[in-house]
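Student: Dropping a structure here in structure tokens format, bear with me for questions.
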Amino acid sequence: MADDPRSATARAHSNIAFVKYWGNRDYRLRLPVSSSISMNLADLHTTTTVAWDDNQEQDTLTINGATAADSALERVRNHLDVLRARFQSRRHARVCSTNNFPMGTGIASSASAFAALTMAASAALGLKLSERELSILARMGSGSAARSIPSGYVEWHAGDSHETSFAETFAPSEHWKLIDVIAIVSRAHKRTSSSAGHETAGTSVLQPARISSAAERLRAMKSAIMRRDFEQFADVVEEDSNLMHAVMMTSDPPLLYWEPLSFAIMKAVRHWRTVENLQVCYTLDAGPNVHCICAANDAEAVVARLRTLSSELDILRSSVGCGAYILTPEG
Ligand code: DP6
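The sequence shown lines up with residues 8 to 338 when you count with our numbering.
Below you can see the structure in the form of structure tokens.
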């Protein structure tokens, strides 16, 4: 029946980039200036139910049980407009989303959120889209969401058009059991969102150098992951994070995400690796929290050392995760 609500629930994981996405060459389509590489985070996920309903006059959104009426709702509505256009639908939707990780920890939820939303919205209409198309559509909601559709270790091909900019798996999650130990340095909400930050990337004189050297880092990163070569992996992860933050710091206006404790952890991580022989390296997104990427055997030692740096640090940890998936198709 045409007025039956059609609903589906999907789950997607957050991801952490080892070769970062920073700056777009097309902002409407979110076509990035360079390709990026990430791993999905098994223990940090968003679960989203979408119910398309003929009787609904506008889209509604709840996040962790609370009604959203701000920029989050606007962003979801914009994405639903993209999906309505693709699905040739005029229905509005009720969207209910929950994160299993604490909100306001500065851990990005847009990647898992837009991947889960895209998958649930299409499944609710009974559509069976390819992984590639889901990744392309998720990208329109948030660039990094393209990488939360496929499983494990993922490359997002920058591409040169809407159809060619998508992410795919290049190694499954079982390939290398890395752990992300996340030191929550600050719970404060980001002053500058990633979306706003991408727009200023081109004002840094360093951005052209970052872009022109990205392909080489991508190649070295894939090779390090395929060979499980932690030493090469660590060198490229840290170089890429430092380069992105160098661009951020030299943009107009400058984006200064590091806090003193972030910097202390970065220096300590290098010491633990180069002097104490732990397999650990650091990377930071658009915020002060430090992702310590470790070999599984060294994760406990890294957590213990982080606690000696600050007794007040909140610490999250995650292994490598699968791709987005449907929990309950009811459509
Ligand atoms: C620093 O995907 O959050 O985490 O496309 O505007 O939603 P929007 O940006 P977003 O940017 C992520 C930037 C980053 C690096 C990365 O994940 O590659």
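All C-beta atoms, glycine included, are put in the ideal place defined by N, C-alpha and C.
Quick check: the Cα distance between Ala-275 and Thr-125, rounded to an integer number of angstroms?
Tutor: Position 268 of the sequence shown, counted from the start, is the residue given in the question as residue 275. Position 118 of the sequence shown, counted from the start, is the residue given in the question as residue 125. Each residue's Cα considered, the two are about 39 Å apart.
Student: Taking just the CA atoms, how far does Leu-263 sit from Ala-216?
Tutor: Translated into positions along the sequence shown, residue 216 becomes position 209. Translated into positions along the sequence shown, residue 263 becomes position 256. C-alpha separation (whole angstroms): 20 Å.
Student: Which stretch, first to last residue, makes up the alpha helix (DSSP H) that contains Asn-85?
Tutor: By one-based count along the sequence shown, residue 85 stands at place 78. Residue range 78-94 is occupied by the alpha helix (DSSP H) that includes Asn-85.
Student: In or out: Met-8 buried (at least 16 other Cβ within 10 Å) or exposed?
Tutor: Sequence index remark: in the sequence shown, residue 8 carries index 1 (1-based). The pLDDT assigned to Met-8 is 41, lower than 50, so where the model puts this residue is not dependable; a value taken from the coordinates is nonetheless given after this. Under this definition Met-8 is an exposed residue.
Student: Give the range of the alpha helix (DSSP H) segment to which Ile-218 is assigned.
Tutor: The residue you call residue 218 lines up with position 211 of the sequence shown. 214-219 is the extent of the alpha helix (DSSP H) around Ile-218.
Student: For Leu-225, which residues of its own chain have a beta-carbon under 6 Å away from its beta-carbon, when the five flanking residues on both sides are left out?
Tutor: As a first step, residue 225 is located in the sequence shown; it is residue number 218 there, counting from the start. Val-26, Ser-42.
Student: What does the alpha-carbon distance come out to for the pair Cys-329 and Thr-69?
Tutor: Walking along the sequence shown from the start, residue 329 turns up at place 322. Walking along the sequence shown from the start, residue 69 turns up at place 62. Looking at the two C-alpha atoms, the distance is approximately 25 Å.
Student: Could you pull out every residue in the same chain whose Cβ sits closer than 6 Å to the Cβ of Ala-128, ignoring the five residues on either side in sequence?
Tutor: Along the sequence shown, one-based indexing puts residue 128 at 121. In chain order, Val-57, Leu-90 place their CB closer than 6 Å to the CB of Ala-128, counting only its own chain and leaving out the 5 sequence neighbours on each side.
Student: Answer yes if the region 49-64 comes into contact with the region 97-112, meaning at least three C-beta pairs across the two stretches below 8 Å, and no otherwise.
Tutor: The region 97-112 and the region 49-64 touch, with no fewer than 3 CB-CB distances between them shorter than 8 Å.
Student: Classify His-278: buried if its beta carbon has 16 or more other beta carbons within 10 angstroms, exposed otherwise.
Tutor: The count along the sequence shown starts at 1 and reaches residue 278 at position 271. By the 10 Å Cβ count, His-278 comes out exposed.
Student: Out of Ile-272, Ser-158, Trp-29, which has the shortest C-alpha to C-alpha gap to Ser-317?
Tutor: For the purposes of this step, residue 317 is identified with residue 310 of the sequence shown, where counting begins at 1. Here the closest residue by C-alpha is Ile-272.
Student: Apart from the five residues on each side of it in sequence, which residues of its chain come closer than 7 Å, Cβ to Cβ, to Glu-319?
Tutor: Here residue 319 is taken as the residue at index 312 of the sequence shown, counted from 1. Counting only Cβ-Cβ distances below 7 Å, and skipping sequence neighbours, we find nothing.
Student: So, Arg-98 versus Asp-60, is the Cβ gap smaller than 8 Å?
Tutor: Along the sequence shown, read from residue 1 onward, the residue named residue 98 stands at position 91. Along the sequence shown, read from residue 1 onward, the residue named residue 60 stands at position 53. Result yes, Cβ atoms of Arg-98 and Asp-60 sit closer than 8 Å.
Student: What separation, rounded to the nearest whole angstrom, lies between the Cα atoms of His-182 and Ala-174?
Tutor: Your numbering for residue 182 matches position 175 in the sequence shown. Your numbering for residue 174 matches position 167 in the sequence shown. In a straight line, the C-alpha of His-182 is about 18 Å away from that of Ala-174.
Student: Can you determine whether any heavy atom of the ligand DP6 sits closer than 7 Å to the C-beta of Ile-27, and answer yes or no?
Tutor: The residue given as residue 27 occupies position 20 in the sequence shown. Residue identity check: residue 27 is Lys in the sequence provided, not Ile. Relative to the ligand DP6, the beta carbon of Lys-27 is positioned inside 7 Å of a heavy atom.
Student: Output the residue ranges of the beta strand (DSSP E) runs that lie fully inside the region 228-298 and measure 3 residues or longer, sorted by chain position.
Tutor: 287-290
Student: Contact between the region 161-178 and the region 253-270: three or more CB pairs below 8 Å?
Tutor: no
Student: How far does the alpha helix (DSSP H) with His-205 in it extend, from its first residue to its last?
Tutor: The sequence position of residue 205 within the sequence shown is 198, counting from 1. Counting along the chain, the unbroken alpha helix (DSSP H) around His-205 starts and ends at 201-207.
Student: Rounded to the nearest angstrom, what separates Met-147 and Leu-313 at their Cα positions?
Tutor: Taking the sequence shown and counting its residues from 1, one reaches residue 147 at position 140. Taking the sequence shown and counting its residues from 1, one reaches residue 313 at position 306. So the two alpha carbons sit approximately 37 Å from each other.
Student: Name the two residues that bound the continuous beta strand (DSSP E) containing Met-46.
Tutor: Along the sequence shown, one-based indexing puts residue 46 at 39. Segment 43-60, the beta strand (DSSP E) holding Met-46.
Student: In three-state terms, what does DSSP make of Phe-25?
Tutor: The sequence position of residue 25 within the sequence shown is 18, counting from 1. Reduced to three states, the DSSP call for Phe-25 is strand.
Student: If you draw a straight line from the alpha carbon of Val-309 to that of Gly-150, how long is it in whole angstroms?
Tutor: Counted from its first residue, the sequence shown places residue 309 at position 302. Counted from its first residue, the sequence shown places residue 150 at position 143. Using only the alpha carbons, I get a separation of about 30 Å.
Student: Measure from the alpha carbon of Tyr-332 to the alpha carbon of each residue in Asp-247, Ala-131, Asn-85, Gly-72, then state which is nearest.
Tutor: Residue numbering aside, residue 332 sits at position 325 when the sequence shown is read from its first letter. Of the listed residues, the one whose Cα sits closest to Tyr-332 is Ala-131.
Student: So, for Asn-304: in the same chain, excluding its five sequence neighbours on each side, which residues have a beta-carbon less than 8 Å away from its beta-carbon?
Tutor: In the sequence shown, residue 304 corresponds to position 297, counting from 1. Only Gln-286 meet the Cβ criterion.
Student: I think Met-110 touches Asn-71, with their Cβ atoms under 8 Å apart; what is that distance to the nearest whole Å?
Tutor: On the sequence shown, residue 110 is found 103 positions in, with the first residue counted as 1. On the sequence shown, residue 71 is found 64 positions in, with the first residue counted as 1. Yes, they are in contact, since the Cβ atoms of Met-110 and Asn-71 sit about 6 Å apart, within 8 Å.
Student: Kindly indicate which residue of Arg-82, Gln-65, Arg-37, Tyr-289 has the alpha-carbon position closest to the one of Ile-186.
Tutor: Your numbering for residue 186 matches position 179 in the sequence shown. Ranking the options by Cα distance to Ile-186, first place goes to Tyr-289.
Student: Can you list, in chain order, the residues of its chain whose CB lies under 7 Å from that of Arg-235, leaving out five sequence neighbours each side?
Tutor: Looking up residue 235 in the sequence shown gives position 228. Only Trp-183 meet the Cβ criterion.
Student: Here's a check: name, in chain order, each residue in its chain whose Cβ is nearer than 6 Å to the Cβ of Arg-32, leaving out the five neighbours to either side.
Tutor: Here residue 32 corresponds to residue number 25 of the sequence shown, with the count starting at 1. Excluding sequence neighbours, Arg-32 sits near Leu-38, Val-40.
Student: Roughly how many angstroms lie between the CA atoms of Ser-230 and Glu-246, to the nearest whole one?
Tutor: One-based indexing of the sequence shown puts residue 230 at position 223. One-based indexing of the sequence shown puts residue 246 at position 239. Taking the straight line from one Cα to the other gives about 16 Å.
Student: Check each candidate in Leu-141, Ala-145, Gln-239, Leu-136 and name the one with the smallest Cα separation from Ala-120.
Tutor: Here residue 120 corresponds to residue number 113 of the sequence shown, with the count starting at 1. Answer by Cα proximity: Ala-145.
Student: Quick check for students: name the residue ranges of the beta strand (DSSP E) that lie wholly in the region 157-188, counting only runs of 3 or more.
Tutor: 160-164, 173-178
Student: Which first and last residues belong to the beta strand (DSSP E) in which Thr-67 is found?
Tutor: Within the sequence shown, the letter at position 60 stands for residue 67. 67-70 is the extent of the beta strand (DSSP E) around Thr-67.
Student: Sorted by chain position, which residues of the same chain lie with C-beta nearer than 8 Å to Ser-116's C-beta, five sequence neighbours on each side aside?
Tutor: Counting from one through the sequence shown, the residue named residue 116 turns up at place 109. Once the five neighbours on either side are set aside, the close Cβ partners of Ser-116 are Ser-21, Thr-53, Asn-106, Phe-108, Met-110.
Student: According to the Cβ coordinates, are Glu-138 and Pro-157 closer than 8 Å?
Tutor: On the sequence shown, position 131 is the one that residue 138 refers to. On the sequence shown, position 150 is the one that residue 157 refers to. Cβ distance < 8 Å, so Glu-138 and Pro-157 count as in contact.
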